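Residue numbers (the working numbering): 1302 to 1465.
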Amino acid sequence: MRIGLYPGTFDPITLGHTDIIQRAMALVDRLVIGVAINRDKGPLFSLEERVAMVEAECAPILEKTGGEIIVHPFENLLIDCARDVGASVILRGLRAVADFEYEFQMVGMNRAMDSSIETVFLMADARRQAIASKLVKEIARLGGDVSKFVTPPVEAALKARLRR
Ligand code: ADP
């Protein structure tokens, strides 16, 4: 059984994330979505809210793909989280060149800590490649339309959170 770990902050989950999740389901039998607590990033949504949103967004994906998805909050080192959940592969999305430098370093350092865990990069569909949670929040904060970037429930959650 191949287990993959897809880690992120998911603050909130976007159509870019769900695109990657669908692709990942074709590669693994069980996908563990690691939701990082990430206090440093000062998330807009609490860990519980982010986990609930990821779970809700994954339900229709699972119906299509079958397999198994587990949403797993984590606070420890990524490589330790991968070992904890029995993952042999870490899945990451790759957007633009900007992501590359950071990901390059992460792979190098994770590999030094555990060479048995491989990192695989996936690219979203062209229409979803530019989506980033950070920008979605900024657009929503300024009253813009985020319906092309997130599902209606996530859009509603953003509106409710950002309403003054
Ligand atoms: P963000 O960087 O948008 O705050 P996360 O930290 O939650 O998002 O990202 C988790 C993973 O999902 C990372 O590997 C990131 O590169 C990937 N990802 C996020 N958005 C996209 C996208 N639009 N296309 C491809 N990968 C993405």
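Heads up, the beta-carbon is just placed ideally off N, CA and C, and yes, glycines get one too.
The structure presented is a predicted model; accordingly, all values stated were derived computationally and were not measured.
CA-CA distance, Ala1383 to Thr1319, rounds to 20 Å. Using a 10 angstroms sphere on the CB of Ser1434, the tally of other CB atoms reaches 16 or more, which defines it as buried. The closest heavy atom of the ligand ADP lies 7 Å or more from the beta carbon of Ser1347. If only uninterrupted alpha helix (DSSP H) runs of at least 4 residues are considered, those enclosed by the segment 1317-1369 are 1348-1366.
The continuous beta strand (DSSP E) containing Glu1419 extends over residues 1419-1423. If you look at Gly1445, you'll find it isn't in any alpha helix (DSSP H); DSSP assigns it neither H nor E. Selection Ile1391, Arg1396, Thr1315 evaluated against Met1407 yields Ile1391 as nearest (Cα-Cα). Pro1344 counts as buried, since at least 16 other C-beta atoms from the protein chains shown sit within 10 angstroms of its C-beta. The criterion of a C-beta distance shorter than 8 Å is not satisfied by Gly1305 and Gly1394.
Around the C-beta of Val1398, fewer than 16 other C-beta atoms lie within 10 Å, and the residue is accordingly described as exposed. About 6 Å separates the beta carbon of Ile1338 from that of Pro1374, a gap short enough to meet the 8 Å contact definition. Taking 8 Å as the cut-off, the Cβ atoms of Val1372 and Ile1334 count as close.
Spanning the alpha carbons of Leu1436 and Asp1415 requires a straight line of approximately 33 Å.
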